[in-house]
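J.:
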Amino acid sequence: MKWRLRRAVPEQTSEPLVPSRENLPGHIAIIMDGNGRWARKRGLPRIAGHHAGMSAVREIIRACDELGVPCLTLYAFSTENWKRPRAEVEYIMRLPEEFFRTEIEELVDRGVRVHFIGDLERLPRYTLDIVAKTLEQTQHNSGMTVNFALNYGGRADVLAAARRYAERVQAGQATWAELTEETFSRCLSTDHCPDPDLVIRTSGEVRLSNFLIWQAAYAELWFTDVLWPDFDRRELHRAIADYQRRKRRFGGLK
Ligand code: FPP
Numbered sequence: 050m051k052w053r054l055r056r057a058v059p060e061q062t063s064e065p066l067v068p069s070r071e072n073l074p075g076h077i078a079i080i081m082d083g084n085g086r087w088a089r090k091r092g093l094p095r096i097a098g099h100h101a102g103m104s105a106v107r108e109i110i111r112a113c114d115e116l117g118v119p120c121l122t123l124y125a126f127s128t129e130n131w132k133r134p135r136a137e138v139e140y141i142m143r144l145p146e147e148f149f150r151t152e153i154e155e156l157v158d159r160g161v162r163v164h165f166i167g168d169l170e171r172l173p174r175y176t177l178d179i180v181a182k183t184l185e186q187t188q189h190n191s192g193m194t195v196n197f198a199l200n201y202g203g204r205a206d207v208l209a210a211a212r213r214y215a216e217r218v219q220a221g222q223a224t225w226a227e228l229t230e231e232t233f234s235r236c237l238s239t240d241h242c243p244d245p246d247l248v249i250r251t252s253g254e255v256r257l258s259n260f261l262i263w264q265a266a267y268a269e270l271w272f273t274d275v276l277w278p279d280f281d282r283r284e285l286h287r288a289i290a291d292y293q294r295r296k297r298r299f300g301g302l303k
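Residues 50 to 303 (the working numbering) make up the sequence shown, in order.
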């Protein structure tokens, strides 16, 4: 069998590709990678790349909202990212404070509902405070959903779901006979969203890195060499336009 991983192809035209509003992905999930390399290329410390990455987050939320994409998940910090130097981890953990302080008004105006997925218990107090505040300020919004994955790991998500289901059985709220892919999915952290249709990874790395491993089983994958701080609306449009040209068969023949 011949495997071919899709990468962004050089554009034939200088015209921006605007995707059709028909057949938009219901859920886009993004592995935001390449902040460190973006900074290094400019002779800056790695944290400057993370800071610049916030502007790309703002731009991509706006672009998805304006296109009408109902759900976006952003991989901001993985369960493995704790292995980084303490100062870098602390810097990333402080970013949500700055981001939501400056963005909350626009997010609320747009009707964006923010969720956080991942094991939040290990997050520092200052991150938890802004997480709680943002959840509260956006809880009644009924527009697009944006999930920030913080201390998120796909395997941990699946394990937590298994525990949750077992607890429901123990409490008499479910039975083992009722355990199906669908009832199990309802125990995952992404219960409030459909499975991702499109997973994007920036920076040229071609792997999932423990991101939404259950949920992305049938997702279309898009890899681009563009580093996350340079990923903009135009790149997003290219990814979606490519997604719209694909024939999804979900294991069937059509
Ligand atoms: C991976 O790039 C990036 C991260 C681990 C952090 C991502 C965080 C942001 C984009 C900002 C998030 C914003 C909010 C609001 C939480 P890398 O550091 O691994 O890059 P490299 O592979 O080039 O070193």
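Using N, Cα and C, we set each Cβ at its ideal position, and we do this for glycine too.
Just checking my contact of residue 280 with residue 124 at CB under 8 Å: how many whole Å lie between their CB atoms?
T.: The residue you call residue 280 lines up with position 231 of the sequence shown. The residue you call residue 124 lines up with position 75 of the sequence shown. Contact flag wrong, Cβ pair sits at about 13 Å.
J.: In the DSSP assignment, what residue or residues form a beta bridge with residue 151?
T.: Residue mapping note: residue 151 aligns to position 102 of the sequence shown, counting from 1. Residue 151 is not bridged to any residue.
J.: Quick check: the Cα distance between residue 206 and residue 183, rounded to an integer number of angstroms?
T.: On the sequence shown, residue 206 is found 157 positions in, with the first residue counted as 1. On the sequence shown, residue 183 is found 134 positions in, with the first residue counted as 1. C-alpha separation (whole angstroms): 22 Å.
J.: Are residue 120 and residue 189 closer than 8 Å when you measure CB to CB?
T.: Locating residue 120 in the sequence shown gives position 71, where the first residue counts as 1. Locating residue 189 in the sequence shown gives position 140, where the first residue counts as 1. Cβ atoms of residue 120 and residue 189: not closer than 8 Å.
J.: Are at least three pairs of beta-carbons, each pair with one atom in the segment 154-169 and one in the segment 224-241, less than 8 Å apart?
T.: Output reads yes: the segment 224-241 touches the segment 154-169.
J.: Apart from the five residues just before and just after residue 248, which ones in its own chain have a Cβ nearer than 6 Å to its Cβ?
T.: Numbered from its first residue, the sequence shown carries residue 248 at position 199. Result list for residue 248: 78, 265, 268, 270, in chain order.
J.: Alpha helix (DSSP H) containing residue 289: first to last residue?
T.: Along the sequence shown, one-based indexing puts residue 289 at 240. Looking at the DSSP string, the run of the alpha helix (DSSP H) that includes residue 289 is 282-294.
J.: For chain D, check one thing: does any of its Cβ atoms lie closer than 8 Å to the Cβ of residue 194?
T.: No chain D appears in the structure shown, which is made up of a single protein chain.
J.: If you draw a straight line from the alpha carbon of residue 24 to that of residue 295, how long is it in whole angstroms?
T.: The question about residue 24 has no answer, for the chain in this structure spans 50 to 303.
J.: How many angstroms separate the CA atom of residue 283 from the CA atom of residue 133?
T.: Here residue 283 is taken as the residue at index 234 of the sequence shown, counted from 1. Here residue 133 is taken as the residue at index 84 of the sequence shown, counted from 1. Each residue's alpha carbon lies about 31 Å from the other.
J.: List, from N- to C-terminal side, the alpha helix (DSSP H) runs of 4 residues or more that fit wholly inside the segment 175-245.
T.: For the segment 175-245, whole alpha helix (DSSP H) runs of length 4 or above, ordered along the chain, are 203-219, 230-234.
J.: Residue 201 and residue 258: beta carbons closer than 8 Å?
T.: Here residue 201 refers to the residue found at position 152 when the sequence shown is read from its first residue. Here residue 258 refers to the residue found at position 209 when the sequence shown is read from its first residue. Their beta carbons are not under 8 Å apart, which means residue 201 does not touch residue 258 by this criterion.
J.: Among 87, 298, 273, which has the Cα closest to the Cα of residue 288?
T.: Sequence index remark: in the sequence shown, residue 288 carries index 239 (1-based). The candidate whose alpha carbon is nearest that of residue 288 is 273.
J.: Out of 278, 253, 223, state which residue places its alpha-carbon closest to the alpha-carbon of residue 95.
T.: For the purposes of this step, residue 95 is identified with residue 46 of the sequence shown, where counting begins at 1. For residue 95, the nearest C-alpha among the options comes from 278.
J.: For residue 196, which residues in the same chain have their Cβ closer than 6 Å to its Cβ, ignoring the five residues on either side in sequence?
T.: As a first step, residue 196 must be located in the sequence shown, where it is residue number 147. Closer than 6 Å at the Cβ level, and outside the excluded window around residue 196, lie 122, 164, 166.
J.: Straight-line CA distance for residue 67 to residue 286?
T.: Here residue 67 refers to the residue found at position 18 of the sequence shown. Here residue 286 refers to the residue found at position 237 of the sequence shown. Looking at the two C-alpha atoms, the distance is approximately 6 Å.
J.: Looking at the secondary structure, which residues open and close the beta strand (DSSP E) in which residue 125 lies?
T.: Position 76 of the sequence shown, counted from the first residue, corresponds to residue 125. Its beta strand (DSSP E) spans residues 120-127.
J.: Would you say the beta carbon of residue 141 comes nearer than 7 Å to a heavy atom of ligand 1?
T.: In the sequence shown, the residue the question calls residue 141 occupies position 92. Yes; taking the cut-off as 7 Å, the Cβ of residue 141 has a heavy atom of ligand 1 nearer than that.
J.: Is residue 304 helix, strand or coil by DSSP?
T.: This structure does not reach residue 304, given that the chain is present from 50 up to 303, and the question cannot be answered.
J.: Can you determine whether any heavy atom of ligand 1 sits closer than 7 Å to the C-beta of residue 103, and answer yes or no?
T.: Within the sequence shown, numbered from 1, the residue matching residue 103 stands at position 54. Yes, the Cβ of residue 103 comes within 7 Å of a heavy atom of ligand 1.
J.: Assuming contact is defined by CB atoms lying nearer than 8 Å, are residue 199 and residue 172 in contact in what I supplied?
T.: The residue labelled residue 199 in the question sits at position 150 within the sequence shown. The residue labelled residue 172 in the question sits at position 123 within the sequence shown. Yes.
J.: Applying the 10 Å Cβ sphere with the 16-neighbour rule, what's the burial state of residue 74?
T.: As a position in the sequence shown, residue 74 is number 25, starting the count at 1. By the neighbour-count rule (16 or more Cβ atoms within 10 Å), residue 74 is buried.
J.: For residue 315, which of 84, 223, 194 has the nearest alpha-carbon?
T.: Limits of the chain in this structure are 50 at one end and 303 at the other, which puts residue 315 out of reach.
J.: Between the Cα of residue 256 and those of 89, 117, 81, 72, spot the shortest distance and give me the residue it belongs to.
T.: Along the sequence shown, read from residue 1 onward, the residue named residue 256 stands at position 207. Of the candidates 89, 117, 81, 72, the one whose C-alpha sits nearest the C-alpha of residue 256 is 81.
J.: Can you look up residue 277 in the DSSP assignment and give me helix, strand or coil?
T.: For the purposes of this step, residue 277 is taken as residue 228 along the sequence shown, with counting starting at 1. Helix, per DSSP.
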